[in-house]
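Enquirer: Attaching a single structure in structure tokens format; questions to follow.
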Amino acid sequence: MNIVFLDGHALNPKELNWDSLKKLGHLTIFDHTPSSEVIERSKEAEVIILNKKRMSEEIFKQLPKLRLILVAATGYDVVDTIAAHRYGVTVCNVPAYSTLAVAQHTLALMLEHTNRVGHYARLNREGYWSKSSSFCIWDKAVVELSGKRVALVGFGNIGQKVAQLLQVLEAEVCAVTSKSQECLPAGITRISLEEAFSTSDIISLHCPLTAQNRGFVNADLLKLIRPGMLLINTARGGLIDDIAVAAALSDGRLGGYACDVLSVEPPSNDHPILLAPNTLVTPHIAWASAEARQRIIDVMSDNLEAFIKGAPIHVVTPTGEH
6 MNIVFLDGHA LNPKELNWDS LKKLGHLTIF DHTPSSEVIE RSKEAEVIIL
56 NKKRMSEEIF KQLPKLRLIL VAATGYDVVD TIAAHRYGVT VCNVPAYSTL
106 AVAQHTLALM LEHTNRVGHY ARLNREGYWS KSSSFCIWDK AVVELSGKRV
156 ALVGFGNIGQ KVAQLLQVLE AEVCAVTSKS QECLPAGITR ISLEEAFSTS
206 DIISLHCPLT AQNRGFVNAD LLKLIRPGML LINTARGGLI DDIAVAAALS
256 DGRLGGYACD VLSVEPPSND HPILLAPNTL VTPHIAWASA EARQRIIDVM
306 SDNLEAFIKG APIHVVTPTG EH
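Sequential numbering of the sequence shown, starting at 6, is according to this note's numbering.
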């Protein structure tokens, strides 16, 4: 079986073990594929692997040998699944591969705000400790998560894992979720979005981006916050109103914004969040632990093997079949 990965750079493939996929066919990995070369590189492929490369009906028309698309991610909006179904192509994704990685990154962002590890390490590198008249440096406050109210907006796999980590540190964990209180784990309190923003020390976003919730963290909602609240976003940049969050940071109402996602990626240098004070921004790497990326390959291998056996799994094409 001829397998082509069109945009392998997304997984940094040289670090990973591809043996499980190579056992199932001849694998060719291209770091990047310009749109003008998709057809040429895929014309002999029975299986295409992609991460962000778009697959439209026009492309399906020109690839008669194509039988399967393996999306190297959970989200599959880059593929026209209706067209795939029409042309007899099965599409499979990789669910829940990054739960642990994103939860760990979320906690790291919180701890940077509470423990100031990067800040104090930087002061040390700049010689401030050596110049100090005391055995330590007192510059920015270090606080514990214990007793702090942390509201998780969205309580899927990642939100639940973050809750587990926070409970170990004795935080008061609340959830804004459609789940009933009876369905939540012990110690988790269900609250409304308005209560979350008006009573929490930290809010962490873990919900998908939809047409209905785009920009829901807006000026009106931010009027409710307790002074100094920390906002965390490892979900999607489009969940916040960039201008409103930047304004709340600038006037001091919002104590900090730590995120791994922005509304435009990669961002321009004048992105409002990058220019705002008290921000901590990482470049969409929360998902990208070595273990999570290897998990993608392993699940894609399972998907391909199941497809070959005639019982495909993790199918996202309409009706679950073609």
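Note that beta-carbon positions come from the ideal geometry of N, C-alpha and C, so glycine has one too.
Helix, strand or coil for Glu296, going by three-state DSSP, please let me know.
Expert: Reduced to three states, the DSSP call for Glu296 is helix.
Enquirer: In the structure shown, what three-state DSSP assignment does His327 receive?
Expert: Confidence at His327 is low in this model, with a pLDDT of 43, below 50, so the placement of that residue is unreliable and no value is reported for it.
Enquirer: Tell me whether Asn274 is buried or exposed, calling it buried when 16 or more other Cβ atoms sit within 10 Å of its Cβ.
Expert: Around the Cβ of Asn274, a 10 Å sphere holds fewer than 16 other Cβ atoms; the residue is exposed.
Enquirer: Residues in its own chain within less than 6 Å of Arg300 by CB, not counting five upstream and five downstream?
Expert: Tyr102
Enquirer: Under 8 Å: do the segment 235 to 243 and the segment 212 to 219 share three or more Cβ pairs, one atom per stretch?
Expert: yes
Enquirer: Quick check: the Cα distance between Gln109 and Leu189, rounded to an integer number of angstroms?
Expert: For Gln109 and Leu189, the distance between alpha carbons rounds to 21 Å.
Enquirer: If contact is defined by three or more beta carbon pairs under 8 Å, each pair taking one atom from either stretch, is the segment 255 to 274 in contact with the segment 67 to 85?
Expert: no
Enquirer: What do you get for Lys314, buried or exposed, if any count of 16 or more other CB atoms within 10 angstroms of its CB means buried?
Expert: Lys314 comes out exposed.
Enquirer: Along the alpha helix (DSSP H) that carries Glu45, what are the first and last residues, could you check?
Expert: 43 to 47
Enquirer: Taking Ile230 as part of the beta strand (DSSP E), name the residues at either end of that continuous run.
Expert: Premise fails: Ile230 is in no beta strand (DSSP E) and is neither H nor E.
Enquirer: Hey, how far is the Cα of Ala156 from the Cα of Leu171?
Expert: Taking the CA atoms as reference points, Ala156 sits about 11 Å from Leu171.
Enquirer: Just the Cα atoms here: how many angstroms apart are Arg121 and Phe140?
Expert: 18 Å
Enquirer: Flag this pair as yes or no: are the beta carbons of His37 and Asp12 separated by less than 9 Å?
Expert: Yes, the pair counts as a contact, with Cβ atoms nearer than the cut-off.
Enquirer: Quick one: grab the DSSP three-state call for Ala316.
Expert: If DSSP states are grouped into helix, strand and coil, Ala316 belongs with coil.
Enquirer: Please classify Glu177 as buried or exposed, where buried requires at least 16 neighbouring CB atoms within 10 angstroms.
Expert: buried
Enquirer: Just checking my contact of Ile74 with Ile53 at CB under 8 Å: how many whole Å lie between their CB atoms?
Expert: 5 Å
Enquirer: Go ahead and label Pro288 buried or exposed: buried means 16 or more other beta carbons lie within 10 angstroms of its beta carbon, across all protein chains shown.
Expert: Per the 10 Å Cβ criterion, exposed.
Enquirer: Starting from the N-terminal side, write out each stretch of the beta strand (DSSP E) that is 3 residues or longer and does not extend beyond the segment 18 to 92.
Expert: 31 to 34, 52 to 55, 73 to 76
Enquirer: Specify, as a first and last residue, the run of the alpha helix (DSSP H) that Glu200 falls within.
Expert: 198 to 204
Enquirer: Based on the DSSP secondary-structure assignment, which residues constitute the bridge partners of Val96?
Expert: Ile74
Enquirer: Express the C-alpha separation of Gly123 and Gly132 in angstroms, rounding to a whole number.
Expert: Each residue's alpha carbon lies about 14 Å from the other.
Enquirer: From which residue to which residue does the beta strand (DSSP E) around Gly329 run?
Expert: Here the chain covers residues 6 to 327 and nothing more, so residue 329 does not appear.
Enquirer: CB-CB under 8 Å to Glu296, same chain, minus the five flanking residues each way: which ones, in chain order?
Expert: Leu105, Ala106
Enquirer: Work out the CA separation of Leu150 and Gly192 for me, nearest whole Å.
Expert: If you take the alpha carbons of Gly192 and Leu150, they lie about 16 Å apart.
Enquirer: Enumerate in chain order the residues of its own chain whose CB-to-CB distance from Lys312 is below 6 Å, with the five nearest sequence positions on each side excluded.
Expert: Note that residue 312 is Phe in the sequence shown here, rather than Lys. Same-chain partners within the cutoff: Leu73.
Enquirer: Rank His90, Ala293, Ser25 by C-alpha distance to the C-alpha of His14 and give the top, closest one.
Expert: Nearest option by C-alpha distance: Ala293.
Enquirer: Under the criterion of a Cβ to heavy atom distance below 8 Å, does Gly159 qualify as lining the ligand ZN?
Expert: Among the components of this structure there are no ligands whatsoever, and the ligand ZN is therefore not found.
Enquirer: Please report how far the alpha carbon of Leu198 lies from the alpha carbon of Ala252, in whole angstroms.
Expert: 20 Å
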